[in-house]
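A.B. asks:
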Amino acid sequence: MSISQQSLILASTSQYRREILAKLTLPFIQVQPDFDEIPIPGEAPVSMAERFAAGKALAVASDSLYSASENLVIGSDQVVVVNNQILGKPGNLERARAQLLLCSDQWVTYTSAFCIACGGAILVLEHDDYAVKFRPLSGAEIDRYLALEQPYDCAGSIKAEGLGIALMAETRGQDVNTLYGLPLMRLAQRLREHQIDPLKQL
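Numbering (UniProt numbering), first residue to last: 1 to 202.
#1: Note the first and the last residue of the continuous beta strand (DSSP E) segment covering Asn177.
#2: Straight-line CA distance for Ala147 to Ala140?
#3: If Tyr152 and Pro90 are in contact, beta carbons under 8 Å, what's the gap, nearest whole angstrom?
#4: Is Thr109 a contact residue of the ligand FAD, with contact defined as CB to any heavy atom under 7 Å?
#5: Hey, quick one: how far does the alpha helix (DSSP H) through Leu137 stretch, first residue to last?
#6: Alpha carbon to alpha carbon, how far is Leu102 from Thr111?
#7: Helix or strand or just coil, what does DSSP make of Glu50?
#8: Kindly indicate if chain B contains any beta-carbon less than 8 Å away from that of Phe114.
#9: Do you know how far the Cα of Gly181 is from the Cα of Ile9?
#10: Just the Cα atoms here: how many angstroms apart are Ala96 and Ser76?
#11: From Leu199 to Arg144, what does the alpha carbon distance come to, in whole angstroms?
#12: When DSSP builds the beta bridges, which residues end up paired with Ile40?
#13: When you compare each of Val31, Lys133 and His127 to Asn177 by their alpha carbons, which one comes out closest?
#14: Go ahead and pull the three-state DSSP assignment for Leu202.
#15: Are the beta-carbon atoms belonging to Leu72 and Gln30 less than 8 Å from one another?
#16: Can you tell me where the beta strand (DSSP E) holding Gln189 begins and where it ends?
#17: Just how far apart, CA to CA, sit residue 207 and Gly156?
#18: From what residue to what residue does the alpha helix (DSSP H) around Glu170 run?
#19: Buried or exposed: where does Pro41 fall if 16 or more other Cβ atoms within 10 Å of its Cβ makes it buried?
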């Protein structure tokens with residue numbers, strides 16, 4: 001199937017993931033998946049991230065509006081872990097402050113998973129990890145950061161692509177986009193395997 005026949009769909013309305021995927025300069029549309037992210041007690045972070053990514057992709061790919069064989073649907077999810085504790089989206093100032101206090105002077109792992117689905121089938125399901133060592137953070141620094149960036153819709157209470165970089169001391173990982181929420185190098189490789197390559201488009 002040629003690139004001209006295929007369509008990419010991002011199963012997310014996140015502006016952050018839209019900006020990451022747009023780096024590949026491929027045309028795509030965004031669709032909100034009808035999928036509830038329900039944690040399972042004791043579930044491993046990798047399992048949770050991959051389950052949520054697959055659930056989002058399949059929710060859109062199995063929808064009659066988008067289930068045509070020429071549509072490839074990308075779902076993704078990120079799980080943030082510090083000291084074996086999963087950090088979700090804080091939603092408010094109080095929770096965000098508590099999360100950043102937990103991250104202070106600690107290594108935090110960002111596990112980002114992605115799924116490529118077509119119709120009711122999963123074609124690809126993978127994840128990548130990125131680790132961040134946070135600086136020792138004072139309460140005043142945390143309060144100032146939260147006032148400036150208000151990352152209440154971000155797991156772990158940090159916008160790593162923005163001012164959040166000022167909270168970091170060290171990082172480990174192959175693809176910084178994994179930290180941002182979508183492992184773009186791995187995704188680009190898998191898309192090439194399905195004949196979607198921006199470098200071969202005219």
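Built from N, CA and C at the ideal position, the CB exists for glycine as well.
C.D. replies: The short version:
#1: First-last for Asn177: Val176 to Tyr180, but that is the alpha helix (DSSP H), not the beta strand (DSSP E).
#2: Cα to Cα, the separation comes out at about 11 Å.
#3: Contact check for Tyr152 and Pro90: beta-carbon distance about 5 Å, within the 8 Å limit, so the pair qualifies.
#4: This structure does not include the ligand FAD; it has no bound ligands of any sort.
#5: Unbroken run through Leu137: none, as it is neither H nor E.
#6: Taking the straight line from one Cα to the other gives about 18 Å.
#7: helix
#8: This model lacks chain B altogether, as it is built from one protein chain only.
#9: 17 Å
#10: 23 Å
#11: Their Cα atoms are separated by approximately 42 Å.
#12: Per DSSP, none; premise fails for Ile40.
#13: Answer by Cα proximity: His127.
#14: For Leu202, the predicted model reports a pLDDT of 46, less than 50, meaning its position is unreliable; a value from the coordinates is still stated below. Looking at Leu202 - three-state DSSP - the assignment turns out to be coil, as it is neither helix nor strand.
#15: No. Outside cutoff.
#16: No beta strand (DSSP E) holds Gln189; the alpha helix (DSSP H) holding it covers Leu184 to Glu193.
#17: Residue 207 lies beyond the residue range present for the chain, which begins at 1 and ends at 202; the question has no answer from this structure.
#18: From DSSP, Glu170 is part of no alpha helix (DSSP H) but of the beta strand (DSSP E) over Met168 to Arg172.
#19: exposed
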